[in-house]
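These notes are about the structure you will find just below.
Number of protein chains: 2
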Amino acid sequence: MLSLKHIAISSFNENVAYLHKDCDTYKVDDIKNITKIEVHGGAAPVFAFLEVVDDASIVAPNELGLNTEAFSRLNLPEGANVTLSMAGLPPSAGVLQRKIAGNILSSSEYNAVIKDIVARRYSNMDIASFLVASGSFMTATEVLSLTEALIGDEVIKWDNENIVVDHHCLGGVPGNKTDIIITAIVAAYGLPMPKTAARSLTSCAGVADTFAVLANVDASEAKLKQLIKDNRGAIVDYNSLPIAKAGKIVSSVERALGLTQQQHIVASILSIKLAAGVTHLVLDIPVGPSSRIKSTSEAMRIRKLVEYVGDMLSLEIDAVITDGSEPIGNGVGAVLEARDVMKVLRNKEDAPQDLLEKSLFLAGRILEFDPRLRGGQGYHVAKEILTSGRALEAINRMIYAQGKAPQAQLGHLTRDIVSAKAGVVESIDNQRINKIGVLAGASQYPGAGLDLLKKVGDKVEPGEALYRIHSVSTHDFAFANSFVDGNNGYEIDTRK
Amino acid sequence: MLSLKHIAISSFNENVAYLHKDCDTYKVDDIKNITKIEVHGGAAPVFAFLEVVDDASIVAPNELGLNTEAFSRLNLPEGANVTLSMAGLPPSAGVLQRKIAGNILSSSEYNAVIKDIVARRYSNMDIASFLVASGSFMTATEVLSLTEALIGDEVIKWDNENIVVDHHCLGGVPGNKTDIIITAIVAAYGLPMPKTAARSLTSCAGVADTFAVLANVDASEAKLKQLIKDNRGAIVDYNSLPIAKAGKIVSSVERALGLTQQQHIVASILSIKLAAGVTHLVLDIPVGPSSRIKSTSEAMRIRKLVEYVGDMLSLEIDAVITDGSEPIGNGVGAVLEARDVMKVLRNKEDAPQDLLEKSLFLAGRILEFDPRLRGGQGYHVAKEILTSGRALEAINRMIYAQGKAPQAQLGHLTRDIVSAKAGVVESIDNQRINKIGVLAGASQYPGAGLDLLKKVGDKVEPGEALYRIHSVSTHDFAFANSFVDGNNGYEIDTRK
Chain A
44 MLSLKHIAIS
54 SFNENVAYLH
64 KDCDTYKVDD
74 IKNITKIEVH
84 GGAAPVFAFL
94 EVVDDASIVA
104 PNELGLNTEA
114 FSRLNLPEGA
124 NVTLSMAGLP
134 PSAGVLQRKI
144 AGNILSSSEY
154 NAVIKDIVAR
164 RYSNMDIASF
174 LVASGSFMTA
184 TEVLSLTEAL
194 IGDEVIKWDN
204 ENIVVDHHCL
214 GGVPGNKTDI
224 IITAIVAAYG
234 LPMPKTAARS
244 LTSCAGVADT
254 FAVLANVDAS
264 EAKLKQLIKD
274 NRGAIVDYNS
284 LPIAKAGKIV
294 SSVERALGLT
304 QQQHIVASIL
314 SIKLAAGVTH
324 LVLDIPVGPS
334 SRIKSTSEAM
344 RIRKLVEYVG
354 DMLSLEIDAV
364 ITDGSEPIGN
374 GVGAVLEARD
384 VMKVLRNKED
394 APQDLLEKSL
404 FLAGRILEFD
414 PRLRGGQGYH
424 VAKEILTSGR
434 ALEAINRMIY
444 AQGKAPQAQL
454 GHLTRDIVSA
464 KAGVVESIDN
474 QRINKIGVLA
484 GASQYPGAGL
494 DLLKKVGDKV
504 EPGEALYRIH
514 SVSTHDFAFA
524 NSFVDGNNGY
534 EIDTRK
Chain B
44 MLSLKHIAIS
54 SFNENVAYLH
64 KDCDTYKVDD
74 IKNITKIEVH
84 GGAAPVFAFL
94 EVVDDASIVA
104 PNELGLNTEA
114 FSRLNLPEGA
124 NVTLSMAGLP
134 PSAGVLQRKI
144 AGNILSSSEY
154 NAVIKDIVAR
164 RYSNMDIASF
174 LVASGSFMTA
184 TEVLSLTEAL
194 IGDEVIKWDN
204 ENIVVDHHCL
214 GGVPGNKTDI
224 IITAIVAAYG
234 LPMPKTAARS
244 LTSCAGVADT
254 FAVLANVDAS
264 EAKLKQLIKD
274 NRGAIVDYNS
284 LPIAKAGKIV
294 SSVERALGLT
304 QQQHIVASIL
314 SIKLAAGVTH
324 LVLDIPVGPS
334 SRIKSTSEAM
344 RIRKLVEYVG
354 DMLSLEIDAV
364 ITDGSEPIGN
374 GVGAVLEARD
384 VMKVLRNKED
394 APQDLLEKSL
404 FLAGRILEFD
414 PRLRGGQGYH
424 VAKEILTSGR
434 ALEAINRMIY
444 AQGKAPQAQL
454 GHLTRDIVSA
464 KAGVVESIDN
474 QRINKIGVLA
484 GASQYPGAGL
494 DLLKKVGDKV
504 EPGEALYRIH
514 SVSTHDFAFA
524 NSFVDGNNGY
534 EIDTRK
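Protein chains in written order, with our numbering: chain A, 44 to 539; chain B, 44 to 539.
Rendered as structure tokens:
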């Protein structure tokens with residue numbers, strides 16, 4: 044018997060147990076390997092990784108320490124008596140081995156894996172193994188099974204709505220924050236759009252990061268329902284909602300590993316939308332040589348896959364293949380992107396036209412989910428809502444209702460990246476621009492990023508700025524600067 | 044600037060950094076994901092996973108805590124000034140992504156991955172991803188590249204020896220501890236055999252676990268050299284030697300995940316033997332329906348692979364395909380296996396004949412590496428050494444030189460598993476027996492395991508014991524008992 048102690052350490056995903064090296068009850072001095080234990084005493088055993096402590100002020104030899112995650116999960120008071128055992132394999136361990144060996148898994152096997160992940164019986168290593176193994180080969184039926192498993196038990200119900208819409212972009216194009224403009228237009232039109240947005244995974248800023256520059260993006264389920272009831276639109280960080288628990292754990296591992304496997308992304312996105320109670324989804328699939336999806340045939344395979352999964356799970360999906368050949372808008376990074384979005388909504392003359400047109404096009408597709416709207420009218424209705432100022436009114440209502448964010452500062456460390464030669468911008472490398480932005484600190488600081496002063500087709504003179512780097516930390520700034528000197532991501536055609 | 048503090052927590056593989064949630068210098072309250080940082084101030088930056096502390100007695104807001112692994116790696120005194128940055132991707136991150144995407148990697152790419160692993164720039168998740176991705180597909184050239192990368196910089200040199208021999212078994216057969224008998228015979232003959240043994244990975248006991256029942260298995264390089272000089276033979280835990288650093292980290296992850304991918308095992312074993320300075324190796328490849336290697340054709344593929352890698356790296360390999368259809372000997376688990384081994388070496392009448400014969404056969408193959416020995420004489424010389432008592436003298440010298448271990452106790456919780464019917468034992472399921480032994484606690488406690496009282500071909504009466512379970516912990520005992528009731532691993536042919 045050991046006495047339970049809460050060690051106020053948060054390890055994000057993982058349960059950790061701490062034993063003193065001279066533990067009274069369990070022999071720990073010869074443990075030389077990663078060891079998973081089960082802690083008994085609560086309603087259900089809790090799995091945790093063992094760490095060994097040589098400081099009695101942290102845990103004494105008669106105590107078992109649990110980090111914040113494990114302690115809250117065990118749900119016993121400090122001082123409670125607990126016992127330990129070596130953890131057996133999680134129930135789905137055999138399923139994981141089968142996937143590592145290259146087998147096709149059944150629906151109930153995916154359920155077993157996801158159940159173990161939610162119960163934290165999988166370590167981050169186990170999750171990484173599952174992701175890499177399943178990422179290398181999955182049938183469409185497996186993607187369906189994984190999507191269903193990821194939806195889980197918590198689904199938001201919209202009792203008084205026939206249609207609940209959303210929009211999602213598969214990403215890979217810097218600056219592409221159409222979502223906020225679309226939500227404003229759709230909300231102004233009157234369709235309910237609870238936009239579940241994500242923080243950046245590998246990009247400079249996710250939609251949730253960009254909207255967080257303008258408003259509070261955290262919401263409970265009750266608050267989200269009230270926001271939609273009052274304003275028809277809301278943009279919230281899906282991490283703050285009690286949905287898609289397994290997806291959040293999995294995506295934390297994906298983020299740490301930089302994994303972006305299409306079949307997982309499809310399963311993850313569709314499960315979040317289904318758990319959020321969405322009935323109609325426009326999915327933007329941008330294609331370009333330096334985008335995530337490089338060819339129309341690849342985009343078409345993804346479209347077929349999402350249509351199949353959507354059909355099986357009664358989610359109406361309009362998957363649209365768009366031009367992802369260069370960044371959208373001028374800003375890359377949350378503060379700069381929010382600036383572009385507000386310029387469009389305010390009908391400013393210098394608003395980025397590509398962001399404006401793409402937003403109208405996609406908003407129009409969503410509006411056409413409304414059976415009352417005549418086919419082909421979506422774009423025109425969206426444009427009327429934007430130019431009349433109704434979209435701006437809608438976003439202001441949404442910001443006010445969600446809670447206005449304090450004014451965010453643009454990074455004050457700046458450098459203009461200039462063209463060495465005269466000519467016309469022939470291409471901009473999305474991946475390079477994203478990486479420079481990430482190095483400049485954009486995925487950490489909203490105020491960091493790149494302001495693209497020239498886009499494809501623009502003329503440049505020698506010494507003229509192509510874009511401006513903004514950083515918040517000197518370390519990031521130096522990192523981005525040394526990286527950009529090798530290749531700034533722009534190709535200039537000097538013959539024109 | 045933060046003040047460095049050592050947090051006396053050992054996390055086995057992983058570097059961990061602790062920051063207070065109200066850290067003076069770095070904003071940590073909005074960190075919601077697994078985050079890797081770099082700690083600057085020492086000779087080289089140290090990578091660590093960030094954990095957030097809400098207890099100033101562990102770390103204060105002006106301090107940075109490092110766990111034992113990270114602290115010793117940074118090599119600065121407590122109170123030193125350190126700074127942090129977000130960790131960039133390790134240099135070989137792109138290589139890892141290429142392997143996840145299914146590509147063939149070059150020799151320099153494997154070197155880059157292994158270099159990052161040794162520098163602890165890979166997390167356990169990263170290592171798991173690498174193992175699963177590379178395990179699904181590797182060419183023979185890639186196995187060679189991985190082997191070379193795993194050898195690393197530290198290689199033991201045997202200046203006065205022309206031949207340095209070793210033996211290794213690919214495993215999957217419970218109780219198969221020929222290694223100790225072989226080492227005694229070979230040492231008595233006079234060939235140098237520094238047997239680098241491993242702790243159990245997924246089995247009930249590794250060779251190092253079993254020999255640890257008899258002697259101290261830890262040795263420095265200098266001590267190993269002295270042991271071989273004095274006695275010609277030694278059996279040491281390779282983890283105690285300063286070789287194959289990357290392999291140890293990788294194998295800790297493999298153990299935690301239960302991964303047993305043949306190509307990794309081949310690269311791992313051959314790299315350890317080469318780093319130990321071995322020139323001639325007998326490799327035992329047991330084949331059986333419930334062994335790790337299930338068919339002769341699979342065994343032949345492995346033989347070809349190890350011969351290719353051995354040839355390229357000038358390691359003479361005699362790969363022998365053996366019968367792995369049932370456990371070898373009677374004991375499964377360190378104490379019981381050590382008992383069997385000593386019975387053979389003492390020429391006891393009740394010594395397990397299968398263990399005896401297999402040991403003589405394999406020892407004979409090693410002796411024939413000696414150019415002075417006439418072909419075909421190895422087995423007979425080995426038998427003469429064993430029956431004359433010279434092998435027993437050799438093992439006793441080895442035990443004395445390495446340090447005699449205190450008497451180990453057999454687990455006092457026992458249960459006889461009896462046959463329900465009369466007949467003849469038709470087959471014994473290796474994997475089932477291994478699993479029952481592991482559940483009984485054998486991989487944790489030397490005294491736990493199974494004592495097989497009947498082997499294939501033995502007659503049994505109803506109610507007669509097939510084997511006896513030994514456990515040390517009541518929890519393990521209950522676990523093994525409930526598992527064994529479903530299927531005890533024995534097939535009885537009632538027609539005979």
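By construction, the Cβ of each residue, glycine as well, lies at the ideal position given by its N, Cα and C atoms. Bear in mind the structure is a predicted one, so any value in this text is a computation, not a measurement.
Along the beta strand (DSSP E) that carries residue i, what are the first and last residues, could you check?
| i | result |
| --- | --- |
| K238(A) | M236 to A240 |
| S100(B) | That residue, S100(B), is in no beta strand (DSSP E); it is neither H nor E in DSSP. |
| I512(A) | A508 to S514 |
| I460(B) | L456 to V461 |
To which residues does DSSP link residue i through a beta bridge?
| i | result |
| --- | --- |
| D536(A) | V467(A) |
| P329(A) | T365(A) |
| D280(A) | A240(A) |
| T126(A) | H83(A) |
| H518(A) | Partner(s): none; H518(A) has no beta bridge. |
At what residues does the alpha helix (DSSP H) containing residue i begin and finish?
| i | result |
| --- | --- |
| L213(B) | Premise fails: L213(B) is in no alpha helix (DSSP H) and is neither H nor E. |
| T253(B) | V250 to A255 |
| G407(A) | Q396 to L410 |
| A319(A) | Careful: A319(A) lies outside any alpha helix (DSSP H) and carries neither H nor E. |
Rounded to whole angstroms, what's the CA-CA distance from residue i to residue j? Just pull it up for me.
| i | j | result |
| --- | --- | --- |
| G446(B) | A258(B) | 5 Å |
| P285(B) | E264(B) | 7 Å |
| D383(A) | R141(B) | 35 Å |
| G331(B) | D397(B) | 15 Å |
| L117(A) | N205(B) | 60 Å |
| M441(A) | A248(A) | 20 Å |
| L324(A) | V82(A) | 43 Å |
| A99(A) | N110(A) | 16 Å |
| N274(B) | L509(B) | 40 Å |
| L356(B) | V175(B) | 25 Å |
| G26(B) | G506(B) | Residue 26(B) lies beyond the stretch modelled for chain B, which goes from 44 to 539, so this question has no answer here. |
| K291(B) | N282(B) | 7 Å |
| G131(A) | V256(A) | 46 Å |
| G374(B) | R389(B) | 16 Å |
| V467(A) | L139(B) | 37 Å |
| M181(A) | E297(B) | 24 Å |
Less than 9 Å between CB atoms is the rule here; does residue i satisfy it with respect to chain B?
| i | result |
| --- | --- |
| Y61(A) | yes |
| E154(A) | Note that residue 154(A) is Asn in the sequence shown, not Glu. Not one chain B Cβ lies under 9 Å of N154(A). |
| K79(A) | yes |
| N110(A) | yes |
| A342(A) | no |
| R298(A) | yes |
| L398(A) | no |
| S29(A) | The structure shown does not extend to residue 29(A), since chain A spans only 44 to 539, so no value can be given for it. |
| I302(A) | Per the sequence shown, the amino acid found at residue 302(A) is Leu instead of Ile. Chain B, which has a Cβ nearer than 9 Å to the Cβ of L302(A), makes this yes. |
Is there a Cβ from chain A that is less than 9 Å from the Cβ of residue i?
| i | result |
| --- | --- |
| V96(B) | yes |
| V293(B) | no |
| G131(B) | yes |
| S128(B) | yes |
| G454(B) | no |
| Q305(B) | no |
Whose Cβ in chain D lies nearer than 7 Å to the Cβ of residue i?
| i | result |
| --- | --- |
| H518(B) | The chain inventory of the structure shown lacks chain D, comprising the protein chains A and B. |
Using a beta-carbon distance cut-off of less than 9 Å, what residues from the segment 165–183 of chain B approach chain A? Legend: CB atoms of the segment 165–183 of chain B lying less than 9 Å from CB atoms of chain A belong to residues S166, N167, M168, D169, I170, A171, S172, F173, L174, V175, A176, G178, S179 and F180.
Residues of the segment 478–496 of chain B whose Cβ lies closer than 7 Å to any Cβ of chain A, in chain order: Q487
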